[in-house]
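Peer 1: One gets the numbering used here by counting positions in the sequence shown from 1 and adding 2 to each.
Heads up, the beta-carbon is just placed ideally off N, CA and C, and yes, glycines get one too.
Model, not experiment: these values are computed from the prediction.
Below is one structure. I have some questions about it.
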Amino acid sequence: MNKKIVLLLLLLTTKVFGEWPHENISQAVFAKSVEDRAPIEIVTGADDSLGKIYFFTNIRNLTGDTITHRWIYKDKVKAEISFDIKGKRWRIWSSKNLWHTWTGQWTVEVVNQHNQVLLTKTFEFGNKK
């Protein structure tokens, strides 16, 4: 009986961690705002009336590391915002003001202090329909 419980717990744990976008990132999303260290109104795209977008990342088990959000538009780095990770679970976010003419795909790379890309997420910023 105990073997079945252990196996069930192992499967459940594997499923939960398997849904993380990266082994050290439990959540990485674009949002319209961040309040109380949580993303509000998660989005994957928006029309050009959105003036500002946030990128929220929930970092796990990287205490002492430096993580950077690298914002890229049309193959050009538009911003790099770095964070010192000071705890086992550390929630970080950066934001970008978007001009209505900067339509198209935006990418944020989550990069460690060794310049290794841990995760890449994209956001579609388009014209009003």
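Residues bridged to residue 70 by DSSP?
Peer 2: As a working note, residue 70 is residue 68 in the sequence shown. Residue 70 is bridged to 84 and 113.
Peer 1: Run through the DSSP bridge pairs and tell me what residue 92 is partnered with.
Peer 2: Counted from its first residue, the sequence shown places residue 92 at position 90. DSSP output for residue 92 lists 61 as bridge partner(s).
Peer 1: Run through DSSP, which three-state label would residue 121 get?
Peer 2: Indexing the sequence shown from 1 puts residue 121 at position 119. Of the three classes helix, strand and coil, the one that applies to residue 121 here is strand, per DSSP.
Peer 1: So who's on the other strand from residue 41, going by DSSP bridges?
Peer 2: For this step, residue 41 is matched to residue 39 along the sequence shown. 36, per the DSSP bridge assignment.
Peer 1: Taking the C-alpha atoms as reference points, what is the distance between residue 22 and residue 59?
Peer 2: Residue 22 sits at position 20 when you count from the first residue of the sequence shown. Residue 59 sits at position 57 when you count from the first residue of the sequence shown. Roughly 11 Å separates the two Cα atoms.
Peer 1: Using a Cβ-Cβ cutoff of less than 8 Å, which residues in the same chain neighbour residue 106 once the five nearest sequence positions on both sides are dropped?
Peer 2: For the purposes of this step, residue 106 is taken as residue 104 along the sequence shown, with counting starting at 1. Same-chain partners within the cutoff: 75, 76, 126, 127 and 128.
Peer 1: With distances taken from CA atoms, which of 64, 79 and 110 is nearest residue 91?
Peer 2: By 1-based counting over the sequence shown, the position of residue 91 is 89. Of 64, 79 and 110, the residue nearest in Cα terms is 64.
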